[in-house]
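Below you'll find the structure, written out as structure tokens, and then a few comments.
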Amino acid sequence: MSELDRTRTIRTDYLARVEGEGAMYVKLDGREVADVKLRIYEPPRFFEALLRGRAFTEAPDITARICGICPVAYQMSAVRAMEDACGVRIDEGPIRDLRRLIYCGEWIESHSLHVYMLHAPDFLGYPGAVEMARDHREIVEQGLQMKKAGNAVMALVGGREIHPINVRVGGFYRAPTKAQLGTLRDPLQRALQIALETVRWATALPFPEIQRELELLALSDPDPGAYPIDRGRIVSDGGIDIAPAEFDEHVVEEQVEHSNALRARIRERDVYLTGPLARYALCSHALRPLAAAAAREAGLGAVCRNPFRSILVRAVELVQACDEALALIESYEPPDAPAVEVRPRRAVGHGATEAPRGLLYHRYEIDEQGTILDARIVPPTSQNQLAIEQDLRAVVEANLDLPDDRLALRCEQAIRNHDPCISCATHFLTLTVDRG
Amino acid sequence: MAEGARRGAPPAPRVLVIGVGNALRGDDAAGVEVARRLRARLQEAREGEARGGEVSEFEEARKDRAGAAAPEIEVRELEGETLALLDVWEGADAVVLVDAVRSGAAPGMIHRVDASRKPLPARLRGSSSTHAVGVGEAIELARSLGRLPRRVVLYGLEGAGFDAGAGLSRAVAAAVAPLAEAVLGEARALGSESSAAATAAWP
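In the order they appear, the protein sequences are chains A and B. Numbered per my numbering, the first sequence finishes at 440, counting up by one with no gaps. Numbered per my numbering, the second sequence finishes at 228, counting up by one with no gaps.
Following this line, the structure appears as structure tokens:
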């Protein structure tokens, strides 16, 4: 048999159902996986360059446009980093509550989109949500209804649904009244019921048995009763326990030839994973009782290491986000002022929050006028890239006998398990699998 | 609208123009730019009307009406997640969508597709560069769920570059003004058509 006969290459040039565009490339040499590459094309540091020379107050608005799905995450990491630089802490009170509330809205919106529109078709055997909707209209309508509740929270607190304009360094431009927040109660209660049903529905899905032994990394809120969203220390099951300011010392990013994005790894060891599986494994003790009970019913255990089951963890986090949003609305009393004053000073500030897909780290250096001198943004997808490539390798090795089209689909699913927000790390990502 | 209702006429049809895109990703800003241009254009027309100057498009539209109140043209921008379209256009009679596309045609070229009755052609399906679900998929999902407005027309502006932080390419920038005019004409035509349909259906 010639070399050519033994080599096969599986490529997918357009990766559907991920945010952005991606390319995957898998090369098989006989039964050996010779190469796995996730290619990312975008000049990765364009937004950082764009931020240099701008006012510190502009960072939330500019970075919100990096990702169409998680603008709030970018805003929240940006405001935390700027407040850190300026020596301001907003760790309690109505402004922080509003921040957690709008962040819950984004989790609801993003997780609903992923669970129902992007991930569910993989399990139910449809090429996409459009085809799935023809046979499972109820399921799609439910997902859309829950997503709409998230959008409503973002629109009310953020001023606009997709690109919230009400968020600023120090707080908000306008704080909603208690009565205004009260209008969210009914849609959120309905969303909570759907989320609980979603957990039951997702529990019954067929999952391939794959266990991935990766270091898991997430934020951990200092309040033991708070699931990590908007603040906290960075912890891992490999022993990391650091302040966001120490992120750079422990996580290194490297440029790889096949990808314009930077790929992150833990300096002392190697690959790690951030996102729902990590949050759940490290912080499930902080879930609200309703979400904790849903996780138990779903049989999730203390740690879930099967990336295909991340859909279940997202469903549990949907319960958590709906339930917490309702609690925040009940206890809300408007602040005296919608924002605290933040005066610039020459400093470096760090901010880390939990985007729906994982830890999002920002670091800014500003001068005494508040002009941004340097910016660094590490999105969850570039942190997870190495883990996703390793998942691809494991999935290909376990499914060598599948024909190319089905293997390519399995590979795409392995990527979608991590809900990569490729436009955070890139613009045009294209995916490819290759068997000669 | 309330006045129309008292006279026993059908309510004013609602025509929505939605510019889709990302303001900070090169030509992906095209839809948002067209929406902004159009909003300014409508504002000028309103001010012209208030000053009692030349006959505005609103007066023209009123003359056109056959019983129903003048159509309302509303302009929205949508940055980011496109399934939000299903909520944004809820209650609209007709929608004109404007988005950047990448089909391989010459940059600056304007595509017009009537998506009211049949699916978008495949070349325009994955049109939007930075959305998990493209505009085309949002339209088709709405169609399968029966949540598509009665009329939906998509204007695609062929982009040259979509790099983050870049501005509009020269070809796309030059096409924004003529496209805004074309979209306005389309919105007016859809408004008149909706008025006529509403009047015909009015008991």
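Every residue, glycine too, gets a C-beta built ideally from N, C-alpha and C. These numbers come from a predicted model, not from an experiment.
Sorted by chain position, which residues of the same chain lie with C-beta nearer than 7 Å to residue i's C-beta, five sequence neighbours on each side aside?
i                      : result
residue 4 of chain A   : Since the first residue shown for chain A is 5 and the last is 440, residue 4 of chain A is missing from the structure and cannot be characterised.
residue 69 of chain B  : none
residue 326 of chain A : 112, 192, 195, 196 and 199
residue 212 of chain A : 312
residue 147 of chain A : 116, 119, 120 and 121
residue 91 of chain B  : Low confidence applies here, because residue 91 of chain B scores a pLDDT of 46, under 50, leaving its location unreliable and the question unanswered by this model.
residue 184 of chain A : 160
residue 286 of chain A : 220, 222, 224, 239 and 241
residue 46 of chain B  : 53, 54, 55, 56, 57, 104, 124 and 125
residue 292 of chain A : 324, 327 and 328
residue 295 of chain A : 320, 323, 324 and 327
residue 132 of chain B : 183, 184, 185, 194, 196 and 197
On the DSSP letters alone, give me the boundaries of the beta strand (DSSP E) that residue i sits inside.
i                      : result
residue 219 of chain A : 219-224
residue 357 of chain A : 351-359
residue 31 of chain A  : 27-33
residue 112 of chain B : Here residue 112 of chain B belongs to no beta strand (DSSP E); instead the alpha helix (DSSP H) covers 110-113.
residue 139 of chain B : 135-139
residue 122 of chain B : 119-126
residue 379 of chain A : 376-382
residue 238 of chain A : 237-240
Leaving out five residues on either side along the sequence, give the residues of the same chain with a beta carbon under 6 Å from the beta carbon of residue i.
i                      : result
residue 99 of chain B  : 41
residue 121 of chain B : 42, 178, 208, 211 and 212
residue 423 of chain A : 118 and 361
residue 39 of chain A  : 31
residue 177 of chain A : 170
residue 150 of chain A : 116, 195 and 198
residue 154 of chain B : With a pLDDT of 37 at residue 154 of chain B, under the threshold of 50, the modelled position of that residue is not reliable, and the figure given next carries that caveat. Once the five neighbours on either side are set aside, the close Cβ partners of residue 154 of chain B are 53 and 187.
residue 374 of chain A : 59, 60 and 348
If you follow the alpha helix (DSSP H) that residue i is part of, which residue opens it and which one closes it?
i                      : result
residue 210 of chain B : 195-226
residue 254 of chain A : 251-254
residue 81 of chain A  : 75-89
residue 203 of chain A : 189-207
residue 106 of chain A : 98-116
residue 161 of chain B : 160-170
residue 102 of chain B : Looking at the DSSP string, residue 102 of chain B is not in any alpha helix (DSSP H); the run it does join, the beta strand (DSSP E), is 97-103.
residue 281 of chain A : 280-287
residue 294 of chain A : 293-301
residue 62 of chain A  : That residue, residue 62 of chain A, is in no alpha helix (DSSP H); it is neither H nor E in DSSP.
residue 137 of chain A : 133-139
residue 372 of chain A : That residue, residue 372 of chain A, is in no alpha helix (DSSP H); it is neither H nor E in DSSP.
residue 57 of chain A  : Element bounds for residue 57 of chain A: n/a, residue is neither H nor E.
residue 39 of chain B  : It is not in any alpha helix (DSSP H) - residue 39 of chain B instead sits in the beta strand (DSSP E) that spans 39-45.
residue 178 of chain B : Not the alpha helix (DSSP H): residue 178 of chain B falls in the beta strand (DSSP E), residues 176-183.
residue 412 of chain A : 408-420
Quick one: residues in its chain with C-beta nearer than 8 Å to the C-beta of residue i, no 5 flanking neighbours on either side, listed in chain order?
i                      : result
residue 135 of chain B : 180, 181, 182, 183, 200, 203, 204 and 207
residue 216 of chain A : 277, 309, 310, 311, 391, 394, 395 and 398
residue 94 of chain A  : 87, 100, 103, 174, 175 and 344
residue 201 of chain A : 146
Next on the checklist: Tell me whether the region 386-397 of chain A and the region 113-131 of chain A touch, counting them as touching only if at least three CB pairs, one residue from each stretch, are closer than 8 Å.
Outcome noted: Output reads no: the region 113-131 of chain A does not touch the region 386-397 of chain A.
Checklist entry - How do the region 63-78 of chain A and the region 171-184 of chain A stand: do at least 3 beta-carbon pairs fall below 8 Å, yes or no? => result yes
Checklist entry - Counting Cβ pairs, one atom from each stretch, are 3 or more of them under 8 Å apart for the region 291-301 of chain A and the region 265-274 of chain A? => result no
Next on the checklist: Which residues of the region 160-177 of chain B have a Cβ closer than 7 Å to any Cβ of chain A? Give them in chain order.
Outcome noted: 162, 165, 166, 169 and 170
Checklist entry - Looking at chain A, which residues of the region 100-128 of chain B have a Cβ within less than 7 Å of any of its Cβ atoms? => result 103, 104, 105, 106, 108, 109, 111 and 112
Item to check | Residues of the region 214-228 of chain B whose Cβ lies closer than 9 Å to any Cβ of chain A, in chain order | outcome: none
Next on the checklist: Which residues of the region 59-71 of chain A have a Cβ closer than 9 Å to any Cβ of chain B? Give them in chain order.
Outcome noted: 66, 68, 69, 70 and 71
Next on the checklist: Does the region 341-353 of chain A come into contact with the region 81-92 of chain A, if we say contact requires no fewer than three beta-carbon pairs (one atom in each stretch) closer than 8 Å?
Outcome noted: yes
Item to check | Interfacial residues, the region 315-347 of chain A to chain B, with Cβ spacing under 7 Å | outcome: none
Checklist entry - Quick one, which residues of the region 69-99 of chain A are near chain B if we go by CB-CB under 7 Å, in chain order? => result 69, 72, 73 and 75
Next on the checklist: Pairs of beta-carbons, one from the region 187-207 of chain A and one from the region 316-329 of chain A, closer than 8 Å: are there three or more?
Outcome noted: yes
Next on the checklist: So if I threshold CB-CB distances at 7 Å, which residues from the region 176-206 of chain B count as touching chain A?
Outcome noted: Under the 7 Å Cβ criterion, the region 176-206 of chain B contributes 187, 188, 189 and 190.
Next on the checklist: Quick check: the region 397-411 of chain A against the region 145-164 of chain A, are at least 3 beta-carbon pairs closer than 8 Å?
Outcome noted: Because the criterion of three Cβ pairs below 8 Å is not met, the region 145-164 of chain A and the region 397-411 of chain A do not touch.
Item to check | Against chain A: residues of the region 48-59 of chain B by CB proximity under 8 Å | outcome: Of all residues in the region 48-59 of chain B, 48, 49 and 50 have a Cβ within less than 8 Å of some Cβ in chain A.
Next on the checklist: So if I threshold CB-CB distances at 9 Å, which residues from the region 376-400 of chain A count as touching chain B?
Outcome noted: The residues in question: there are none.
Checklist entry - Any residues in the region 136-150 of chain A with a beta carbon nearer than 7 Å to a beta carbon of chain B? Which ones, in chain order? => result 137, 138, 141, 144, 145 and 148
Next on the checklist: Short of 7 Å Cβ to Cβ, which residues in the region 263-286 of chain A face chain B?
Outcome noted: none
Checklist entry - Got a sec: which bits of the region 350-380 of chain A sit with their beta carbon under 8 Å from any beta carbon on chain B, in order along the chain? => result none
Item to check | Segments of 4+ residues assigned as alpha helix (DSSP H) that fall wholly inside the region 306-346 of chain A | outcome: 314-335
Next on the checklist: By the 9 Å beta-carbon criterion, what residues does the region 114-135 of chain A contribute toward chain B?
Outcome noted: 114, 117, 118, 121, 122, 132, 133, 134 and 135
Item to check | the region 359-376 of chain A touching the region 335-342 of chain A, judged by at least three CB pairs closer than 8 Å | outcome: no
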